[in-house]
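Letter 110 of the sequence shown, counting from 1, is numbered 111 in our numbering, and no numbers are missing. Every residue, glycine too, gets a C-beta built ideally from N, C-alpha and C.
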Amino acid sequence: MVVMDPAKLARLKRRFKKPKFIRFESWRYKRLETGWRKPKGIDNKMRLERKGWPVRVKIGYRSPKIIRGLHPSGYREVYVRNEEELRRLKGQTDIAIRLSGKLGARKRRILTEIAEEMSLKVLNPYKKPRLER
């Protein structure tokens, strides 16, 4: 797979922009979370898809296969926990790596250096700490 041009990616994402799917009447009651729940009531206006109510989740809102799961930079994102996993990615140019949050500073620095040698993009690289005086 070839890295997608960021401009083309942005155009595609804009074209296939999804609405914000919210839970029925979550705006009305504080105790309800806004996360999606399928409306199931017998007279539920959202379930009946009445005009003026928020849209329901449907398969038609799915994004195209070529942009699904891509990082906004256009690269395919790969999660890396150790040096062995990083070495396995040799020769791949269409990926960006995300280092595990559980890594310490020393291991993160080592993996960032190896990734730079392999010319891989690191989404959360090691940053040298600033010394404040």
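#### Entry: Per-residue burial, residue 1 [other beta carbons within 10 Å of its own, 16 or more giving buried]
This structure cannot settle anything about residue 1, because the visible part of the chain is limited to 2 through 134.
### Task
Assuming residue 100 contacts residue 112 (C-beta within less than 8 Å), just tell me the rounded distance between them.
6 Å
### Residues near residue 36 by beta carbon distance below 7 Å, same chain, minus five either side
24
### Query
Three-state secondary structure (DSSP) at residue 112?
helix
### Message
Just list the residues that DSSP pairs residue 56 with in beta bridges.
### Response
Paired residues: none, contrary to the question.
### Query
Can the beta-carbon of residue 122 be found closer than 7 Å to that of residue 62?
no
### Task
Within the region 19-94, note down every full alpha helix (DSSP H) run reaching 4 residues or more, in order along the chain.
84-88
### Task
Check residue 103 in the structure and name its three-state DSSP category.
coil
### Query
According to DSSP, is residue 14 helix, strand or coil?
helix
### Task
Please determine, among 31, 29, 58, the residue with the shortest C-alpha to C-alpha distance to residue 40.
58
### Message
Strictly by DSSP, which residues pair up with residue 8?
### Response
None, per the DSSP bridge assignment.
### Query
Beta carbon of residue 17, beta carbon of residue 64: below 7 Å?
yes
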